[in-house]
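Remarks on the structure that follows.
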Amino acid sequence: MSDAIKALVKAQKEMGAVIKNTTNPHLKSKYADLGAVLDACQSALHGNGFAIMQPSGKDEFGQFVDTILAHESGERLSSRVYLVIGKQDMQGVGSAITYARRYGLLGMTGLAPEDDDGEATKAPKRQAAADPEALAIACESLANADSVEALNAIWLDLPPAVKADASALETAKKRKTQLTAKEAA
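Here's what the structure looks like:
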């Protein structure tokens with residue numbers, strides 16, 4: 005197995021949840037915007053020696069966005085998403101590029117947004133409620149995480165019922181925002 009693949013496997017173990025954080029006013033549905041996708045994977049990718057590049061271009065098949073994960077070993081992993089431009093103006097092109105970047109990155113990292121649209125067509129699964137004591141401990145651990153890496157590690161170890169609880173999701177999201185701001189400063 006190549007160094008880049010080994011690093012990607014490690015990075016995927018460290019990635020956070022992709023939270024649907026934006027509402028589409030036309031479809032009245034929630035989706036994860038590009039920022040949410042980057043929040044879920046960027047720190048883990050960078051921590052494992054990957055740079056993320058998403059150049060756009062045009063070939064005989066049309067306009068596209070390439071998603072490239074360039075590893076410090078010199079290896080590159082890539083995927084191409086062709087654009088479907090609904091409105092023939094700069095806003096339409098920009099929207100299509102953003103969409104292609106989001107889905108290219110989701111595909112390259114193996115991530116899927118919470119409550120993915122495909123799940124909406126299936127019968128809802130009954131999720132056992134989180135044990136209140138376990139939920140309280142989890143929220144305290146998430147709120148006190150000292151780095152994004154630690155936060156991701158805590159999240160990965162939580163039981164599914166706790167991960168599905170809105171208070172755990174909100175605590176993780178809030179702490180990630182705080183830590184990201186702190187690390188950027």
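The working numbering applies: residue 5 is where the sequence shown begins, and numbers increase by one. Note that beta-carbon positions come from the ideal geometry of N, C-alpha and C, so glycine has one too.
Point to revise | Sufficient close CB pairs (3 or more, under 8 Å) joining the region 37-45 to the region 106-115 | key: yes
Practice item. Determine whether the Cβ of Q67 lies closer than 8 Å to any Cβ atom of chain B. Key: Included in the structure is just one protein chain, with no chain B present.
Check your understanding: Is the CB-CB distance between A48 and N156 below 8 Å?
Key -> Locating residue 48 in the sequence shown gives position 44, counting from the first residue. Locating residue 156 in the sequence shown gives position 152, counting from the first residue. Yes, these two residues count as a Cβ contact at 8 Å.
Check your understanding: What alpha helix (DSSP H) runs, 4 residues minimum, are completely inside the region 151-186?
Key -> 152-161, 164-167
Point to revise | L173 versus E118: straight-line alpha-carbon distance, rounded | key: Walking along the sequence shown from the start, residue 173 turns up at place 169. Walking along the sequence shown from the start, residue 118 turns up at place 114. The alpha-carbon atoms of L173 and E118 are separated by roughly 10 Å.
Review point. Does the region 95-104 come close enough to the region 19-29 that 3 or more CB-CB pairs lie under 8 Å?
Key: no
Exercise for review: Let me know if A170 comes out buried or exposed under the rule of 16 or more other beta-carbons within 10 Å of its beta-carbon.
Suggested key: The sequence position of residue 170 within the sequence shown is 166, counting from 1. Result: exposed.
Review point. Of all the options K10, V85, I23, which has the alpha carbon lying nearest to the alpha carbon of G176?
Key: Here residue 176 refers to the residue found at position 172 when the sequence shown is read from its first residue. The identity of residue 176 in the sequence shown is Ala, whereas the question assumes Gly. Of K10, V85, I23, the residue nearest in Cα terms is I23.
Point to revise | Neighbourhood of E76 by C-beta distance below 7 Å, restricted to the same chain and skipping five residues each side | key: Within the sequence shown, numbered from 1, the residue matching residue 76 stands at position 72. Within the same chain, E76 has close Cβ partners G53.
Point to revise | Nearest-angstrom Cα separation, counted from I72 out to Q16 | key: The residue labelled residue 16 in the question sits at position 12 within the sequence shown. The residue labelled residue 72 in the question sits at position 68 within the sequence shown. The alpha-carbon atoms of Q16 and I72 are separated by roughly 16 Å.
Exercise for review: Please look up how many angstroms separate the CB atoms of A55 and V85, rounded, as I've assumed it's under 8 Å.
Suggested key: Residue numbering aside, residue 55 sits at position 51 when the sequence shown is read from its first letter. Residue numbering aside, residue 85 sits at position 81 when the sequence shown is read from its first letter. Between V85 and A55 the Cβ distance is about 19 Å, and since that is not below 8 Å, they are no contact.
Practice item. Taking only the alpha-carbon atoms, compute the straight-line gap between A140 and V166 and give it to the nearest angstrom. Key: The residue you call residue 140 lines up with position 136 of the sequence shown. The residue you call residue 166 lines up with position 162 of the sequence shown. Taking the straight line from one Cα to the other gives about 9 Å.
Exercise for review: Would you list the one or two residues that DSSP bridges to T27?
Suggested key: Working through the sequence shown from its first residue, we reach residue 27 at position 23. K34, per the DSSP bridge assignment.
Practice item. State buried or exposed for L109, treating a residue as buried only when at least 16 other CB atoms are found within 10 Å of its CB. Key: Mapped onto the sequence shown, residue 109 falls at position 105. Classification of L109: buried, given that the 10 Å Cβ count is 16 or more.
Check your understanding: Which term fits S6, buried or exposed, when burial requires 16 or more other beta carbons within 10 angstroms of its beta carbon?
Key -> As a working note, residue 6 is residue 2 in the sequence shown. Counting Cβ neighbours within 10 Å, S6 comes out exposed, since fewer than 16 surround it.
Check your understanding: Fully enclosed by the region 59-138, which beta strand (DSSP E) runs are 3 residues long or longer?
Key -> 60-63, 66-75, 80-86
Check your understanding: Would you call G66 buried or exposed, if buried means 16 or more other Cβ atoms sit within 10 Å of its Cβ?
Key -> For the purposes of this step, residue 66 is identified with residue 62 of the sequence shown, where counting begins at 1. Answer is exposed; the Cβ neighbour count stays below 16.
Review point. Hey, out of H50, A21, E137, whose CA is closest to K14's CA?
Key: Locating residue 14 in the sequence shown gives position 10, counting from the first residue. K14 has its Cα closest to that of H50, out of H50, A21, E137.
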